[in-house]
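Everything below concerns the one structure shown next.
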Amino acid sequence: MEYNYHAATVWSAYESDSSNSTAPLLLVPYDMRMSSMDTSCGNNLENLNEEDGMIGVCTGELSESEEFPFIQLIFRDSVRIERMIIGACSLDVWGNEYLQGCQVQYLTKGNEWQHLAIISLDGDNPDCEIILKSPIETNSIRVKTDSEYIGLGKWKCFGQVVGNVTRGLDIEKFPLDQSGTSFIDMISIPYRVKMSSKFANTENTFASLVDASDLSVGAATNNDINSYIEAVFLTPAQPITHIAINSLTKKDWGVKYSHNLLLEYSDNGVDWKVLQKLTDVHDKSAPISLAQAVVSTHWRVRRVEEGYVALGLFKFYTYHHMYNESVAPSQPTISKPLTYTITMSDADESLTNTYQSLQDPSGKSSGAGTLASNSPFIQISFDRVYKLVSLDIRPIRKPDWGTAYLSPCCIKYSENGTKWFDSVSLSNISQELTTIVLDNISAKHLRIVKEPNEEEEEEESYIGVGSLIVRGF
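Counting with the numbering used here, you get residues 2 to 474 for the letters of the sequence shown.
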């Protein structure tokens with residue numbers, strides 16, 4: 002997609018290094034902080050890489066402890082920023098007005114916030130490109146405003162990492178014996194956090210899950226069946242030798258929510274193998290030492306029965322001498338994406354309503370939606386009965402649709418199209434692509450229907466789905 006960006010040229014106190022001809026790199030932040038969060042938006046770092054800005058990172062009502070709305074990016078190492086692209090959140094209740102005129106600031110070496118630019122959006126264009134005539138060196142930048150809210154849909158920074166860092170990885174020393182007189186270097190491996198759901202009053206970030214100095218910050222799910230906290234590693238995968246898992250010590254949490262979990266790993270995020278059962282995880286649990294190194298791109302802790310999962314520490318290590326830039330998963334995948342046909346109660350002709358459009362994980366290809374009726378449904382049918390492993394699902398990402406037309410629904414399954422069984426509720430669906438584990442159910446048909454509600458009178462309603470990717474064997 003081609004954009005016409007508004008370019009703002011900004012002068013910096015730093016001298017330009019004309020000898021540095023290295024092409025600018027996409028700088029990946031380590032953490033993000035916000036003055037407050039609007040719960041209708043995604044509010045995760047990865048949402049800032051969405052091209053259409055439909056998920057959003059947006060502030061909410063200010064608490065008494067905050068002076069003004071802000072969204073702050075934090076880098077693990079000092080970076081030299083040369084340019085950035087900032088875009089407004091495109092959700093229908095947001096738009097350009099919640100980014101226009103906001104200030105961009107960077108943190109100086111003296112730990113003071115310095116003005117960098119004013120965001121200026123041209124007309125209906127939601128994106129602004131800021132090109133720095135002289136790059137700035139910092140480890141943190143933020144957007145702030147004197148108005149009530151900030152609505153960000155995109156924020157990408159380009160430049161260079163400053164200094165001689167070891168691949169941006171965190172090196173720690175582990176004791177080789179109980180006396181603590183002999184140590185070995187261990188590398189802490191970064192990952193992206195993925196969760197079945199996110200409890201509103203916990204941090205739910207990578208930075209909070211790897212901070213061993215403060216177990217009162219971390220991540221917690223809602224009260225669901227198959228709740229999990231997952232670590233998704235960047236390729237290439239590394240040989241994991243130790244895993245540190247501690248309970249969340251925040252008030253009202255504790256060991257109850259880290260007991261009786263499964264520690265699992267996967268090469269594709271779909272087909273999982275159990276490494277061990279976690280029966281006694283607390284705030285002083287020692288790191289788990291694996292009998293042999295395991296190479297896998299996905300790890301998670303999961304509660305099979307209904308309940309919460311809460312962790313204050315979830316950290317992965319490999320021996321320094323074992324870190325390998327070329328290693329990759331060796332286990333073959335078992336399941337595969339399945340093709341299907343679509344049947345609907347009726348179809349909204351403004352949408353494509355095709356199998357092909359539902360295979361786009363971004364949800365940008367329109368999707369499938371019904372017209373209003375008392376019993377709307379969207380049904381998919383395979384060419385035979387399969388063991389269904391999982392499905393990836395997200396709402397239609399168009400202003401007139403969204404989670405309101407998918408979250409009140411549930412999925413039923415059937416082998417013959419006549420006798421139907423309940424499979425899973427979609428009540429926790431968000432704007433993001435959500436993976437739902439189906440536990441190898443046998444089915445030829447899946448049907449999305451409105452969840453029955455005995456307390457409400459039956460009213461006409463719609464169902465809309467933007468992505469629906471089913472895997473099985």
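Note that beta-carbon positions come from the ideal geometry of N, C-alpha and C, so glycine has one too. Just so you know, these numbers come straight off a predicted model, no measurement behind them.
Here Val-194 is not near Val-271, since their CB atoms are 8 Å or more apart. Per DSSP, the continuous beta strand (DSSP E) segment holding Ser-391 begins and ends at 378-395. Asp-253 and Trp-273 have their alpha carbons spaced roughly 31 Å apart.
From the listed residues Asp-53, Pro-70 and Gly-54, the smallest Cα separation to Gly-61 is found for Pro-70.
Annotated three-state conformation of Ala-208 is helix, per DSSP. Contact check between the segment 402-421 and the segment 440-449: three or more CB pairs, one atom from each, fall below 8 Å, which counts as touching. For Glu-47, the closest C-alpha among the options Ser-41, Trp-156, Ala-444 and Ser-346 is that of Trp-156.
Taking C-beta atoms as the reference points, Leu-279 and Val-310 fail to come closer than 8 Å.
Taking C-beta atoms as the reference points, Leu-312 and Leu-264 fail to come closer than 8 Å. Linking Ser-367 to Trp-402 through their CA atoms gives a straight-line distance of about 10 Å. Between the alpha carbons of Lys-145 and Tyr-192 lies a distance of about 28 Å. Note on geometry: alpha-carbon atoms of Tyr-341 and Phe-383 lie some 5 Å from one another. Under the three-pair Cβ rule at 8 Å, the segment 129-137 does not count as touching the segment 33-49.
Of Leu-27, Gln-432 and Ala-232, the smallest CA-CA separation from Cys-158 is found for Leu-27.
Three or more beta-carbon pairs drawn from the segment 146-153 and the segment 97-112 are found closer than 8 Å, and the two stretches are therefore classed as touching. For Gln-115, the enclosing beta strand (DSSP E) begins and ends at 114-119. In the DSSP annotation of this structure, Ser-197 is not part of any beta strand (DSSP E), being labelled neither H nor E.
For the set Tyr-318, Asn-126 and Arg-304, the Cα lying nearest the Cα of Leu-291 is the one of Tyr-318. Annotation: Ala-369 to Asp-93 spans about 20 Å, alpha carbon to alpha carbon.
Judged by their CB atoms, Leu-216 and Ile-142 are not nearer to each other than the 8 Å cut-off. Contact between Asp-53 and Lys-365 holds: CB atoms are separated by about 6 Å, below the 8 Å threshold.
Among the bridge pairs identified by DSSP, Phe-159 is matched with Leu-27 and Arg-84.
Assigned with DSSP and collapsed to three states, Lys-110 falls in coil, not helix or strand. Under the DSSP assignment, Tyr-320 falls in the beta strand (DSSP E) whose first and last residues are 311-320.
Here the C-alpha atom of Cys-410 lies approximately 26 Å from the C-alpha atom of Glu-51. The criterion of a C-beta distance shorter than 8 Å is not satisfied by Leu-49 and Leu-210. A direct Cα-Cα distance of roughly 39 Å separates Thr-242 from Gly-111. If you look at Leu-359, you'll find it in the alpha helix (DSSP H) that goes 356-359.
Annotation note: the segment 433-473 contains the following uninterrupted beta strand (DSSP E) runs of length 3 or greater, listed N- to C-terminal: 435-451 and 468-473.
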